[in-house]
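First up is the structure itself, then whatever we jot down about it.
Number of protein chains: 2
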Amino acid sequence: MSFINKLLDTARRNQSLLCVGLDPNPDRMPKMGILDFNRAIIDATHDLVCAYKPNLAFYEALGSQGLTILEQTLAHIPADIPTIGDAKRGDIGNTAQAYARALFSTLGFDAATVNPYLGFDSVEAFIGYQDRGVFVLCRTSNPSATDFQDLRCPDGSTLYETVAHKAREWNTYGNIGLVVGATYPEELRRIRSICPGMCLLIPGIGAQGGDLASAVRHGVDAQGEKAIINVSRQILYASKGGDFAEAARATAERIRSQINSCLKPKR
Amino acid sequence: MSFINKLLDTARRNQSLLCVGLDPNPDRMPKMGILDFNRAIIDATHDLVCAYKPNLAFYEALGSQGLTILEQTLAHIPADIPTIGDAKRGDIGNTAQAYARALFSTLGFDAATVNPYLGFDSVEAFIGYQDRGVFVLCRTSNPSATDFQDLRCPDGSTLYETVAHKAREWNTYGNIGLVVGATYPEELRRIRSICPGMCLLIPGIGAQGGDLASAVRHGVDAQGEKAIINVSRQILYASKGGDFAEAARATAERIRSQINSCLKPKR
């Protein structure tokens with residue numbers, strides 16, 4: 001099954017556009033093993049999400065054992081829930097092939113994030129895995145996203161809009177999506193209008209301060225779908241005590257409801 | 001010792017601007033373990049190089065054991081030769097901290113490559129390690145580098161020139177360098193003129209077809225230094241037979257001589 005169908009199935013089954021970012025930070029967790037922590041978060045939230053998104057940085061910071069923990073975490077996620085490898089990779093063609101193999105074959109992610117700075121041949125190896133999803137960074141959620149992404153091109157469009165147009169052009173297999181931060185609702189609206197049918201991965205809610213209602217309203221497609229609202233820290237660290245899993249579940253449940261209440265009635 | 005001093009020391013000692021890219025591809029190697037292959041390449045070339053640059057993609061493609069091989073490869077590189085982790089990472093501040101920790105603390109690289117698409121806060125965590133080098137992607141060596149890097153900004157400069165200017169502005173600690181492909185000699189010349197004192201990491205010679213003479217002439221600073229000419233495949237796979245290490249050494253020796261013959265006589 002393609003990534004997009006797996007995503008839509010899970011989102012409908014769980015009535016959820018919420019994605020939980022599995023970004024374990026030992027300083028903010030209860031004192032316990034990271035794998036046990038991840039498993040408890042997954043057990044507590046798997047019926048409330050449309051996807052899980054581990055960011056590889058937090059595993060790489062732990063060295064080779066971190067990658068083992070990531071592999072074991074992925075093995076614990078129910079097979080019908082899509083996984084997004086947030087790696088933001090980008091390299092020349094020959095090397096991009098190795099990264100695509102790392103994320104899609106070795107780790108087995110259903111989708112991955114990629115950085116567009118190197119252009120088409122850095123993305124090509126990823127989209128060649130036609131059953132996987134490829135989320136191209138477009139307008140990121142961080143404060144200095146403006147440094148380059150807002151630069152204006154000669155035709156008057158910004159760099160991030162140019163990336164959105166190019167991603168549409170590259171989307172031969174229909175498996176490209178875009179990453180757009182919830183912290184920039186107006187930019188999100190513009191990107192959704194450039195790519196009305198694409199899946200958008202939307203981080204920036206919660207710890208980063210993005211507004212949930214506008215992220216949902218501007219992010220979803222005409223059917224009220226194809227938006228993935230990612231929340232990491234707000235859910236993972238809802239409590240630092242022994243009740244962290246229950247607290248994570250309660251927070252995930254609340255955010256899922258808030259998202260659904262922003263959708264038009266037909267959903 | 002800072003990265004730049006370690007680099008200059010090694011380059012002077014070995015009379016070399018050549019960096020060997022340790023990018024093992026099992027399909028192109030003799031039938032043997034990757035760690036043994038890497039160790040043999042290092043043993044055969046360590047007196048001919050100014051640095052080693054493993055690209056993380058080739059290790060990640062092997063899963064968690066790949067990271068162990070990378071750690072063991074780094075342990076085999078003589079301590080006085082600088083190592084550059086070619087990872088091209090770029091993420092929001094909180095996550096960039098985890099990537100910087102992964103590359104500089106966990107793996108212990110002397111320098112790393114980073115992607116500028118997310119702007120300053122994605123680079124900040126890296127340059128905070130003031131004794132390490134941080135190479136910002138500027139004009140990459142691949143054919144589709146033109147997709148975005150050549151876009152013109154309102155002031156008439158291209159995106160890659162804007163990145164070079166920003167990198168200069170960000171360079172408070174003097175540890176920022178730029179990645180510029182040898183496949184674009186004119187762009188290399190322009191970048192060197194924008195950043196006359198910065199260290200440039202120059203891939204694209206060899207398998208990618210960049211011209212060595214213009215890469216050296218346009219890449220070095222006024223003292224004929226601070227250019228790192230990277231070659232990977234042409235050296236690693238100089239022979240697929242049992243003589244691969246001797247062939248790698250002979251090729252590295254030849255390229256080092258070619259580089260030195262392009263330098264002005266005072267070197």
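Here the protein sequences line up with chains A and B, keeping their order. Per the working numbering, the first sequence starts with residue 1, numbered consecutively. Per the working numbering, the second sequence starts with residue 1, numbered consecutively. Quick reminder that beta carbons are idealized off the backbone N, C-alpha and C, glycines included.
Buried or exposed for residue i, going by 16 or more other Cβ atoms inside 10 Å?
i, result
"S64 of chain A", "buried"
"M198 of chain A", "buried"
"G174 of chain B", "exposed"
"R267 of chain A", "Confidence at R267 of chain A is low in this model, with a pLDDT of 43, below 50, so its placement is unreliable and no value can be given for it."
"E60 of chain B", "buried"
"A252 of chain B", "buried"
"N5 of chain B", "exposed"
"K166 of chain A", "buried"
"D91 of chain A", "buried"
"D110 of chain A", "buried"
"S261 of chain A", "exposed"
"K240 of chain A", "exposed"
"F244 of chain A", "buried"
"G133 of chain B", "buried"
"C19 of chain B", "buried"
"T162 of chain B", "buried"
"S193 of chain A", "exposed"
"S105 of chain B", "exposed"
"G21 of chain A", "buried"
"G156 of chain A", "exposed"
Would you mind telling me which residues of chain E sit closer than 8 Å to residue i, beta carbon to beta carbon, in chain order?
i, result
"S122 of chain B", "Among the chains of the structure shown, chain E does not appear; the protein chains present are A and B."
Check each candidate in the options and name the one with the smallest Cα separation from residue i.
i, options, result
"L103 of chain B", "B:G204, B:K53 and B:A247", "B:K53"
"R233 of chain A", "A:E225, A:A248 and A:E186", "A:A248"
"L212 of chain B", "B:I259, B:T10 and B:T95", "B:I259"
"P143 of chain A", "B:D121, B:G21 and B:L137", "B:D121"
"F126 of chain B", "B:A245, B:V114, B:L118 and B:G119", "B:V114"
"W170 of chain B", "B:G204, B:R189, B:P203 and B:E124", "B:E124"
"D47 of chain B", "B:K88, B:P30, B:R13 and B:L62", "B:R13"
"G207 of chain A", "A:G181, A:F148 and A:Q130", "Reading off the sequence shown, one finds Ala at residue 207 of chain A, where the question assumed Gly. Closest by alpha carbon: A:G181."
"K226 of chain A", "A:I69, A:R254 and A:L263", "A:L263"
"Y117 of chain B", "A:G209, A:L159, A:A51 and A:D80", "A:L159"
"I228 of chain A", "A:T10, A:M1 and A:S2", "A:T10"
"F58 of chain B", "B:A51, B:R39, B:D43 and B:A87", "B:A87"
"H76 of chain B", "B:G210, B:V179 and B:D36", "B:D36"
"N94 of chain B", "A:M32, A:A100 and A:N25", "A:N25"
"L70 of chain A", "A:A40, A:D80 and A:D23", "A:D23"
"G289 of chain B", "B:S214, B:G85 and B:G128", "This structure cannot speak to residue 289 of chain B, because chain B is shown only from 1 to 267."
"T172 of chain A", "A:A250, A:R152 and A:Y129", "A:Y129"
"G33 of chain B", "B:G66, B:E246, B:S16 and B:A238", "B:G66"
"Q268 of chain A", "A:L8, A:G204, A:S2 and A:F3", "Beyond the ends of chain A as shown, which are 1 and 267, falls residue 268 of chain A; an answer cannot be given."
"A40 of chain A", "A:I255, A:S257, A:N230 and A:L236", "A:L236"
Going along chain B in order, which residues have a C-beta closer than 8 Å to the C-beta of residue i?
i, result
"F58 of chain A", "T95 and A98"
"S214 of chain A", "Correct list: empty, because the minimum Cβ distance to chain B is about 19 Å."
"T83 of chain A", "Those within 8 Å of T83 of chain A in chain B number zero; the least Cβ separation is about 16 Å."
List the residues of chain A that residue i touches, going by C-beta distances under 7 Å, in chain order.
i, result
"N115 of chain B", "G90, N115 and Y117"
"A68 of chain B", "Residue identity check: residue 68 of chain B is Thr in the sequence provided, not Ala. In chain order: S64."
So with CB distances below 7 Å, who are the chain B contacts of residue i?
i, result
"A102 of chain A", "A57, E60 and A61"
"D137 of chain A", "The residue asked about is misnamed: residue 137 of chain A is Leu in this sequence, not Asp. Under the 7 Å cutoff, chain B gives Y117."
"T251 of chain A", "Correct list: empty, because the minimum Cβ distance to chain B is about 18 Å."
"T45 of chain A", "None at all; the shortest Cβ gap to chain B is about 21 Å."
When every heavy atom of the ligand ATP is checked, does at least one fall within less than 7 Å of the C-beta of residue i?
i, result
"G133 of chain A", "As for the ligand ATP, it is missing from this structure, which has no ligand bound."
Determine the chain B residues that contact residue i at a beta-carbon separation under 9 Å, and present them in chain order.
i, result
"T172 of chain A", "Correct list: empty, because the minimum Cβ distance to chain B is about 15 Å."
List, in chain order, every chain A residue whose beta-carbon is nearer than 8 Å to that of residue i.
i, result
"E187 of chain B", "Ordered by position in chain A, no residue passes the 8 Å Cβ test against E187 of chain B, which lies about 14 Å from the chain."
Strictly below 9 Å CB to CB, what residues from chain A border residue i?
i, result
"E71 of chain B", "G63 and S64"
"T268 of chain B", "Summary: the structure shown does not reach residue 268 of chain B, with chain B confined to residues 1 through 267, and so no result is reported for it."
- At a Cβ cut of 9 Å, what residues of the stretch 148 to 168 of chain B count as close to chain A, listed as they run along the chain? The stretch 148 to 168 of chain B vs chain A, Cβ under 9 Å: F148, Q149, L151, R152, C153, P154, L159, T162, V163 and K166.
3-residue-minimum beta strand (DSSP E) runs that sit fully inside the stretch 154 to 203 of chain A, ordered along the chain: Correct list: 176 to 180 and 199 to 202.
In chain order, which alpha helix (DSSP H) runs of at least 4 residues are fully inside the stretch 10 to 53 of chain B? Runs found: 34 to 45.
* Can you list, in chain order, the stretches of the beta strand (DSSP E) that have 3 or more residues and sit fully within the stretch 96 to 151 of chain A? -> Listed in chain order, they are 111 to 114 and 133 to 139.
Pick out the complete beta strand (DSSP E) segments inside the stretch 55 to 103 of chain A, 3 residues or longer, and give them in chain order.
The qualifying runs are 84 to 89.
Contact residues within the stretch 198 to 209 of chain B, judged by C-beta distance below 7 Å to chain A: Sequence-ordered contacts of the stretch 198 to 209 of chain B with chain A are nonexistent [C-beta pairs closer than 7 Å].
- Task: Jot down the residue ranges of each uninterrupted beta strand (DSSP E) in the stretch 214 to 238 of chain A, minimum 3 residues, whole runs only, in chain order.
- Result: For the stretch 214 to 238 of chain A, whole beta strand (DSSP E) runs of length 3 or above, ordered along the chain, are 227 to 231.
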